[in-house]
Structure formats: structure tokens, C-alpha cells
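Chains as they are written, first to last, in the numbering used here: chain R, 14 to 396; chain Y, 14 to 396; chain P, 14 to 396; chain E, 14 to 396.
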């Protein structure tokens, strides 16, 4: 069945599905969870888990990036966030965690205005250098992110400080940014000249992802990030349900592999992957790895202290995200590997992935992308 | 895929989509928001934004119509509302804003009865003249609205007072109104004889819109107005989801352009366009402009003082709308152009439109009507 | 598009639509509400409105049946309810209205047990006679209902007392009831021998309705009654969404008209028609008339005193309905003809129907069955 | 219409339906409930009702298994639960019933941790023997369950103690469990060598069920159990809507009947069958019998004392279920056979099934599997 829909006589659209719309189903074989491998390799880097920490100040600090790296994941530090704007960001993080809302509404103009003010402080290049050094000295894989808008200005600092993986991450990043007034980043040339692998996104959809793959990126971020915190649909009307987005980008990966004669670009789900079930389903849709925000913001060590927000919540003229409560569940290690005392999919994320793969009979992530899937709207009160 | 559905063996229907059902998606190109034009021209009038103020007493007064005009939009004054029934409508507006409901229900018979009484005062033609003059003297484009039922009686007063654009607006307006007892308005003849351009509606659907276009109208209002306040579906069973309605009328515009040998009739979404995301999606569905009610009723200067209602809420025998709370967000200028401290799409409406167009790679409103769209039901708790 | 669905490899099903799923849409023509006729004729009886009062004790007493008849509708008295079990049912009605629930739940076992006890009193044939006489003496069309189970036992009493229209109404009534232990009612023979027209139901679906039409019935009740009070779906798994049910039965009417060489059997929507919008949509789906429960239970004169229940709520072993609050809105006359001060579709039911027909350009109920319809799930918070 | 869906360019899925999505509809014939048979035979055992008690500690104790057997059903005792871990499980059951949650959330880590601790006690083989003996001495059919993981270790004890029906039940059980470290249970050989009939599951889907049927099982459990308590979808992303799952497995039964030259494997719905309506719909989808958890946990005699949980809620590292409140409704006999004073489908389960079958014209369970079905999403507030 094609998924094209006629909205009216003048417009066609594509039916799209969210992760909540889908579920995986077992088939004829089951497997011992101990025999399942969840390892993942991107470029020269072999990781024990397919989990990236999202470059959001509520999730990744130098310390949590190091810790995640030691636990087998890849922490990505936001190089335009509080850690590169403030010598002592802890005070700012404490202040944000302490903000109390007077209204019942999730969206509170006073908190938004406060975030806008705090993120108005200038980025200090020397802090970029020192934050990266701190991670590097810990001996884990080093990854930091810039937005496309600021990549020109700061990338040399980032490279000189010594990142292993360079992440260019914006709400929407295209391979062809057009501007009459500024010289936009030429992604293809930039990536070609860079010595380190680049992960770039967000993108959603076959065509935009295919164009990003052609820039030479090692990985593409699927989705627009910050699923739990974002209000992009309400403010901009932009939304790309993740199950369909991942599946479309995975198809681009397959076709680009053919087109390029063998270059495998990694597909990383980024946005709205909030529980172990979401991780499972993202990989089932074809992702190679997942970038986690809210799911890691629930760690005891998370800088957000039970709160979670993205940098788009602090945009100076068009804020489109909120500081949302996610709570604190367990230390990061327990969050990833259990044992869990939570039944909501917020703990033992990797154990749950192993068991989901075992229950459906798969032993590697690549094979698991073929798992059977059903569409069935999520019925909240049945859980 | 066709959108025809079999309800049962004896009835077929069309699947229709609301603005909440759809979202736009980026593609291969992004653009600098500064390079985006949101200007709009109807007849001889060049407007900086594609925004009309709905002729509702909670939204448009002579003062806010003037202010909206100065900010690049087009304010439309309801010439059958409080401003032409009362010498001093401010007292009435204060009274309506002060009505307190005893029940938890949104629909309160006492408030309805009060509105019915207040709107029972007779229309005073000299007030039509003076209200229009007030706007005219401010030097902005002047637009006023009558219902089809009262157009015969008052249009000469309106024309003599000097409107630039004449709006005929009812819940449903057809090109062929049939009556055995009264001589209905012959829209085609009326528009032909009038010297000023006419915007007429609401209409929804290809055929009724096509017939309205053939009357010579400069623009057609799509939808039945007052989305936030209307109870037409519950009371009359009538509903026309906006995404499909706009798309159908946009198709009529295209076909009429061909049929008429080049007359471009503007499609204006009117009803249920309550946030910046809704504006974006209305234009993406094919609208040339949007008529805003609730979205502008949230301005500090709005006559409704945080409340919003349409004239159908005061219908003497069949009221079908409520006075609803919309709150007060910011001064009108900030509501339109930011900077915003709101993350719900209620502020920086024009800025959000610019960014949505830039993110999806378009630089003019006309091109933006081709943007890619997905169908994906709105998941409230994901925002 | 066909509406057949594959549930799984072993089962097919039909997609069915509720009244909430659909809405009517205007087309190219509008009409003056004053030119609209809502009159309806069944057998020799010409009625000014297509409204029947449901034989439920919360809705129809002899007094309200008379009043409805005088207002142009057709009241149907339940001849197995409180009025034929008690000399003075008012005391019982007061008792039911006074029952207070200790739980928050709509379903309260204590109230159910009480209803079971109150309805356990025996039917007194002489009360059947006196109640019918009371209505007859008022000079309105007289209609009374029995269940199929008790028709054999009481019909002679009913006929002798002088009903104009005989209603056989059960949750589900088929033309072919099979029993090994009792001799079931032979509907075809029964109707053939009776001198008065018979309305029979509930039925839903083309085939069961077609078989009921072949029994010689003058009208078929579509649906299983008591939409607002029934829990048949939860208890028995039985449910037949009304939009599809009416449309299917309307198709049976059309085909039976052909098969019978011209016998027009009336299709009467019975169940879940709770607002003026629901009335409009039922007729749009092909119904000739509607049988109202909750919608009339909101009258000041209603015996239920703001509460509403069906006899299935008192079934001795398998109760499947609740006493539900519906509130009191206005006197019956105002409920039917306005003027209304309600915006929820609970008042001026006939006025709303007239306006819906006028807005969509129709002047008779029969033509209105052809009105255009869209499928669009009801979005509660948009109203 | 095929039920294949394109999620995106890289993934296809099957549309699946839950029991809430479907309803049964009457057809041309109705029947006397007294003429309906709900008896069911599996292997040599003739049961008066098609109801199995789920092997969950909140539902089945030796006492309630005996009672259910005497009432015509089949109680299955969990042989890895509290009754085989504790000499006196009543104290533990009281402790679990007495746990109070401090949070509003259904998922409470403290309660989960407590369950994990309580279920950490070792299984005592002599208790397996004594519990089975207790049931056997009562003279009812004896059934006990083990998980596949522990079947090897304990089955001989179970057989020696004398079960009539052996149940192998896990969240997901496949005919082909693969492990590199342990020798998995060879189901086919195990069942072949066993003298008693085996019921095995859960499984969902045509292929996995077909493979289970080929092992020689007498019955297959459809679903993953514990619908009311499970959080498998959120934690593992695994979900298999029951209407589709049952229908798929019923198709496997049909095809296996052909393939095997006449072996009829029973299909038993297990999971999310919580009301009489759900029982009706499960059988309508093709099930031969239902295994009830929450529905029987509401009995006054139920060990859970108004609470309900599955053993997966106590998994030591990946708990994926909650202790949920289900309340206490009536004694078990009344729960099964009425008379009911409940209108929610929680009482007179067998009476409701009889009436549903009678209303749709069927006299045996096997015929009833052919009943007409509609798809119509459950509208909570209409009930």
C-alpha cells in the first residue's frame, strides 16, 4: 500500500508514523540475551553500545561525556552551550534547575526569558579548548558539536583542541544552505578538508539525507533533536515523525551505499528517543545508533538535575522548546546496564535492547534492522 | 490514493484533514530567514504580511485595525458588531470581559443570553460611517465586513464612508442563496457594480469556492470562521477540516485561473488558524493569506481583554459559539514580529513564518505553497 | 475505496464510522431556513418533525408523550417500564432521581441493584390499558412499545387499548429468533395480522434490516438504543457505529423498495443521537427520522429529572447500562424550537436542523439524505 | 484491502488491531441464550466454560484453582511463583497487598524492588509437589505452568506430582530457542516424550504459532500475557495487538490442521482479556478459549486481594510490569455466572458470553468464530 494521501484536490501528502505508532513483534526464533551483540563501529571507533549522548546542557557535561565514554557510549559536548560561555557553568545549571514556574503551563515566558538571557553570554574560544582537553585527557573518544551557523567561526579551535568526531548539529541542516548576505558553510568542501569524521544533521526524509550523505559525512542525525522539549510543530508547523524519518533515511543509506560504491553512512536517530522501547524501535526502523537526550538526563550525574532542555529553548527571537521535568532515576551506569527497578523503560536501556533483540531472535544490530513491525497506535491506559 | 470512503452501503464520504493532522517537512535546501519575503498583494494593495484581522469584536476595533494596518497587515472591522451598535462600545466590551461563569463548562447559558441581549441593540448607520472614517483618517487600508443578510441594507453606507476592501462574511456564504420570501443578494451583480474589491466567504470545498470565484470576488474566505469559539459541528453537524478545505479551494483557484483566462482569486484561510504553526500550515496548504481571530485576540491591545468570541455566539435563536479565554500574551507588534518569550506559537507569528519558510528552503509565499507535507496526528503530550 | 479490513490472516472486518467521525459540508447553494420543511409522514400519520421520543422511563411518560405529540413529534411509551408496573410511578421516579452514588465511577453496583429491584415489580395489564387511554384521550398519535419477549403476552391488551403505532423494540431484534424451549414471536405473521403499523428494531446492518423490512414493518429502528447509557460494547463486545449502521440500513430500504415493488420502510436512528448535530448527521446518513433519548431527557418536564437510563440498566442478571446525568436544559418546547441559549446542540433541535439543511441548500428531509459528508475525527478540545 | 503499510522507504509493517479496535455485530438471526453452549474440550478434558485461570500469583492459588475447576474452568498454577518459593505464601501475599505507593505513578521503583526481593527466594521442588497434590486431591483437572528456562530443571517433579495438563508459559516462547552457552529446551522432543498434553506460549503471529503447533502442543497461548500489568511495549518496544494476533494464530491452526492431516491445536487468548466484552471478542477473532488474569483477580477469593501483577514485574534486572489495582467485585462464582450488578463487563462473564452469542445467532463457540466484526475505535466517553 502506498502511503500517499490526498489532503484535498490541491495537495498531496505522505502518511508518516511516529515511534509510538509502531511496535516490534517476535517471530519463529528466540535467542539467549547473552549471545546478543549491541556493539557499533563508526569510522575507526568501536563502541560497545550504539548510544550517543546528545549535546544538550542538561545531558552532557565534560564529566558525563567522559563517564558515558567509559561505559561504552559516545558523549557529545555542545560547544555553544553553557560550558563554553561560562567559566563556571555549574552555578548557571543550578540556577536553571532552581527556576520555579508560577503557572501550570509547561511553557512559561519567564523561564524562557531567563534562558534567553543566560544563553546570551558570548562563547569563549578558550573554553572550547579547555573543555575538549578535559575530555581528551580522560582517554575516551572525544566528540563536540557546533551549529552550522557557528562552524566557520569556531571549527579551527575545535580541531586544534583535538576532537575525534566532529558533530554539526542544528534543528535542520541541509547540504545546500542559501543566503544572500552571508557566505554559508560549504559542507562538502568543509568535510572533505577535515581530518576527522563528521556527523551531521538533523535531517528527515530520503532526499535531504541523501544530499547530506553526499557531502562525505560519516553519519547523519535523523530528526530535529529534543523530542521531549521541542515545540517546533506548534511554532513552525514542522514535524517529522521518527519511525518514518528513520526508515526514509535508512533507505537513503542503502541507495547511497550503491551509488558511492560502498560508503556506509551511519544513521543516528536524534529526537524523541526517550525510553528503552524507543531505542529498540529506532534501531528496528533502520538506525545504526541513537542519540539520547531525556533518557540520559534522568541520570543522577546529569547536569540538568532532573530538568531537560535544548538550546532552541533559548533562541533569542523564536524560542521553540521548553525546560521540562524528566526526574532523576538512577546513576548513569544503572540507567544503561541495570539492574532496573523501573518498569517504564527509563532504566537498563542496554539490557532492554539486548532482551528485545533476543526475544525477536537477532544477534547483531545490523540484522535487527530487519525485524518485523506492526503499526498499532499507542494506547496510553493499557500500559 | 483516493480519499473517498464508504461509510456504509448507502453513503460515501471524503476523508478530510485538519491543520492538526498535517505538518511540513524540510527538504534538501535551507535558506537564510532574512532572504524570505512574506509580502502579499491583493488587488492594488501591497501588504507586508499575509495577515488579516478577523472582523470579530474581541479582535478588531478601529484602533487595532489601524495598528494592524500600520504593522503591515489588514484589519477588517465587523460593521454589524458592537462598534456600530453602541456609541461607546468600550463599556460593553468591559462588561463582556467581566462576565464570570458559575459553571465549569465552557458553554454557559447565562453568558450566551447576555451576549444575545447585548447584540440585540440595533445597528446605527451613522456609526458605520464614523468608524470607517476613523480608520480612513489613519491612512491605512480600510476594510469592513457585513453579512450577506445585511449587505443590501447597509452597503451604500459602507461604500460612501470609503472602504478600500469590502468583506462579505458569514458562517457559510454561497453564490446562490435561494429564498421564497426575500430577494436574496445577487452576489455576481453586486460585485460587478461595486467599485471596490470584494472578499467573500466562508466557503469550504472546491465547488462552492469555484462558484464564489465566478462572482468576481477578489478573494475567498476558506472555512467557517471562529475556529476557537465555534460549536457549529456540535450544533449543526457542519464541519470542514481546514487542511482539506484550503487545499480544495486552492485547486479551485488554479482551475478558475485557467477558466477565467488569468484572474487570480486570493484564498484566505479563516477559522482555526490559532498559532504560528497553523499560519505556516495554512499557507502550505495553498492559502495566500490568513485571517486571524484568537491569535490576535491575545494582543494586549485587543478589545476582548483576554477573551474571544464571534458574532455567532450571540445569534438570537441558534447561538453556536462561546466566549472563550485566550489570555493576553504581548503587545500586537511583539505578537507579530517578536522577540518572543513564548514557545507555544502565540508570539512572533511572522518571524516563525519566515523561519519555517527558510528551513524548508522557500523565499516567497507563492513558492511555499508547494512545500512537502506529512500527515501525522497531533500528539499533544509530545509537545 | 472498499471498507473491508484484514484484522489478521484469519479474520476480515468492515471499517465502521460513528456519528462523531463524520460531518456534513455545504455546497454551492444555500437556502432560507424558513423555506425548509422538516415534516415527516409514516403510514397515515403526518408529523411536523421527524422526532420520536424514546420509550425510556427517563424520557417518556404519558404526559410527555402527549406534549411531544402536540409539538409535532411522536412520543412512544415503554409499556414494560415503571408506568405499567406501578400505579404511582412518580414516587419511583423520584426515588431513582434521588439515588446518590458513593463512588466516582459512572457504574455503581448499588444503583444498579436498586434499579434491578424496582424493575422487578410485575407488569399490570390494566395499567397498560389506562396509560394508553390517557394518551389517546389527549388526541395525539398514540405509540407504545413492547420487547419481542413480551409481545405475545401483552399485545392484545395494547391493541385493545388503542395504539396508532405499535413499536417492538429490543436491544437487538431479528426477523428470525430461534429457541428450543419457547415458541418465539413470528414477526412476519404477527405484523401481517395486526391492523396497526409496526416499527421494529433495533437492527444494524444491511442484512438484518432487510429481513426486518420483509416482515412488513412500517419502520425499522437502527441501532441498539440508549447510546448515552449503554455499556453493551464493554459487556457483550457488541457495537455498531451509527453512521455506518444508518447508511447500511438506508441501502436496505432502497433495495427493498425495488424488491417489494414500492414499499418504503422508514429508517429511524435510535441510539446515540444526543445533540442537534447528531440529528442532522443521522438524517444525512439516510435516516427518515430519529428516536431521541438523552436529548429529550434534558427537558424540564422529563420524568428522569436530569437523569437518564434505559431498561437494559435494570436487567436482572446482565445489566448493561447506567443511570447517567444529562442535566436539565429547558422546557420541551424550547428544547425543540428554541430560542436557545445553549451552544452545545442541546436546545432548539429543530431550528438547528432547519439551519443545517438551509446552509447546505436542501429543502426537504428526503433530499437532505444526499448531502455531502466528510470523515474527520471529532477533536473534542476544538469545540 | 491488504494490511501492509509503508512506514517509510526503508520499512514495511503490518497494520494490527487491538480488541478495543473491534466489535461484533448481530446479523439476521437471534437465539435464545439458554440454547447456547459455551463448553470446550481440549484433549480428553471436557470443560463447561472456555476459561483458564492465568498462572499469576494474584489470580491462582491452589484454592482458587480448585474452585475454578469446580465451576467448569481450568485453573493453572504458576509453579515458579510464591506458592513454590514459600511454605506460607499467604504472608507474602498480604505483604504485597499492603504495599503503599508514595507516588501517583503506577510504576513505583520501591514496589518493584520489593517484588524483586520477594521473588528472589528459591523455588522448593517439594512445594511444587505439595501444591499440585493439593489440587489433585480436590478432584479437578490439574494444570501447572513453568517457564521454558526452568522446564528442564523442574518438569520431572511436576509430572511426578501428577498434572493433567502441562503449561509452558513465558513472555515469548518460540519453537527454536538459540543459545551458545546453555542447551535450550528442545520443545518438540520434550512434548513428544511427555505423556500429558502441553499448552505453550505466548506467541503472536502466524509463523511463530505454526512452529509451536508443529512441536506437538495441544494448545498455543496467544499474546504475551499480563495485558493489564505489562509494560513490554514501553520497555522492549514489543507489542502485538490481540485482535490481529488471535486472528493470525487461528489461521495457523486452520493451515496446520490441513498440514497435519487433522490435528486441531487449541488457540487460547492470553493477555489483555479483561472484561466480558474482551472474552467475546477474543473468541470472535478465532480463539477457542481465554486465559484470564485481571478478570479473575477481581474475585473476592483472589489471592491478590484487589491487586494484580505478573511475574515479569519481579524480573531481577529488567522488570516490565506493575502491581496494578483491579478492585474486588464479587465472589468467583458470581463473577462467572452472575447475577451481576456491574455494568462494566466485570461480572457474569459467562452469562455475557452466552448473550453475545445468542444476540448474534450462534449456538456453539466454534460457529461463533465466524461472527461479523467491525473495526471502530473505542470511544471511552461514549460508554
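Don't be surprised by glycine CBs; every beta carbon is placed ideally from N, CA and C. Source: prediction; values computed, not measured.
| Check | Outcome |
| --- | --- |
| Proximity to residue 369 of chain E [Cα-Cα], best of P/249, P/65, P/156 and P/201 | P/249 |
| C-alpha distance - residue 135 of chain P paired with residue 229 of chain P, whole-angstrom precision | 31 Å |
| Closer than 7 Å: residue 388 of chain E CB and nearest the ligand ATP heavy atom | Absent from the structure shown: the ligand ATP. Ligands present: none. |
| Selected residue, minimal CA-CA separation from residue 358 of chain E, among E/296, E/379 and E/287 | E/287 |
| Close-in-space but distant-in-sequence residues of the same chain around residue 259 of chain E (CB under 7 Å, 5 per side omitted) | 235, 280, 282, 295, 298, 299 and 300 |
| Cβ pair count under 8 Å reaching 3, the segment 75-92 of chain R against the segment 189-198 of chain R | no |
| Min CB distance residue 129 of chain Y to chain P below 8 Å | yes |
| Residues that residue 338 of chain Y contacts on chain R, provided the C-beta gap is smaller than 7 Å | Correct list: empty, because the minimum Cβ distance to chain R is about 13 Å. |
| Identity of the residue in Y/47, Y/285 and Y/222 nearest residue 189 of chain Y by Cα | Y/222 |
| Residues within the segment 37-66 of chain P neighbouring chain Y, beta-carbon criterion of under 8 Å | 37, 38, 39, 40, 41, 42, 43, 44, 45, 47 and 48 |
| Residue range of the unbroken alpha helix (DSSP H) whose run includes residue 289 of chain P | 289-297 |
| Cβ separation of residue 191 of chain P and residue 41 of chain E, assumed to be a contact under 8 Å, to the nearest whole Å | Contact doesn't hold; Cβ gap of about 11 Å is too wide. |
| Sub-8 Å separation of residue 376 of chain Y and residue 38 of chain Y beta-carbons | no |
| Chain-ordered residues of the segment 351-367 of chain Y with a beta carbon less than 8 Å from chain R | 351, 352, 353, 354, 355, 356, 357, 358, 361, 364 and 365 |
| For residue 14 of chain R, three-class secondary structure by DSSP | The predicted model places residue 14 of chain R with a pLDDT of 47, which falls under 50 and marks its position as unreliable, so this point remains unresolved. |
| Residue-chain proximity (residue 294 of chain Y, chain R), Cβ-Cβ < 8 Å | yes |
| Strand pairing of residue 25 of chain E, partner residues [DSSP] | E/19 |
| Residue 173 of chain E: first and last residue of the uninterrupted alpha helix (DSSP H) it sits in | 161-174 |
| Nearest-angstrom beta carbon gap, residue 65 of chain P and residue 304 of chain P [assumed within contact, 8 Å] | 4 Å |
| Residue range of the unbroken beta strand (DSSP E) whose run includes residue 212 of chain E | 211-216 |
| Cβ shell of residue 394 of chain P (< 7 Å), same chain only, five flanking positions each side left out | Because the pLDDT of residue 394 of chain P is 39, which lies under 50, any placement of that residue in the model is unreliable, and the number read from its coordinates should be weighed accordingly. Result list for residue 394 of chain P: empty, nothing under 7 Å. |
| According to DSSP, residues forming a beta bridge with residue 252 of chain E | Per DSSP, none; premise fails for residue 252 of chain E. |
| Residue 109 of chain E versus residue 74 of chain E - alpha carbon distance | 15 Å |
| For residue 157 of chain R and residue 186 of chain R, believed in contact at Cβ under 8 Å, the rounded distance | Not a contact, Cβ separation roughly 16 Å. |
| Proximal residues, the segment 215-228 of chain Y versus chain P, C-beta separation under 7 Å | 217, 218, 220, 221 and 224 |
| Per-residue contacts from residue 301 of chain E into chain P (C-beta, under 8 Å) | Those within 8 Å of residue 301 of chain E in chain P number zero; the least Cβ separation is about 12 Å. |
| Cβ neighbours of residue 85 of chain R in the same chain (closer than 7 Å, five flanking residues each side left out) | 60, 61 and 62 |
| Proximal residues, the segment 171-203 of chain R versus chain Y, C-beta separation under 8 Å | 184, 185, 186, 187, 188, 189, 190, 191, 192, 193, 194, 195 and 197 |
| Span separating the alpha-carbon of residue 210 of chain Y from that of residue 67 of chain R | 54 Å |
| Nearest-angstrom Cα separation, counted from residue 201 of chain R out to residue 218 of chain R | 19 Å |
| Burial state of residue 104 of chain P, where buried means 16 or more other Cβ atoms lie within 10 Å | exposed |
| Member of E/224, E/141, E/119 and E/53 whose CA lies at the smallest distance from the CA of residue 379 of chain E | E/53 |
| Stretch pair the segment 157-173 of chain E + the segment 344-362 of chain E: three plus CB contacts closer than 8 Å | no |
| Rounded C-alpha distance that separates residue 113 of chain Y from residue 332 of chain Y | 19 Å |
| With 16 other Cβ atoms within 10 Å as the buried cut-off, status of residue 208 of chain Y | exposed |
| Residues near residue 389 of chain E by beta carbon distance below 8 Å, same chain, minus five either side | 34, 35 and 36 |
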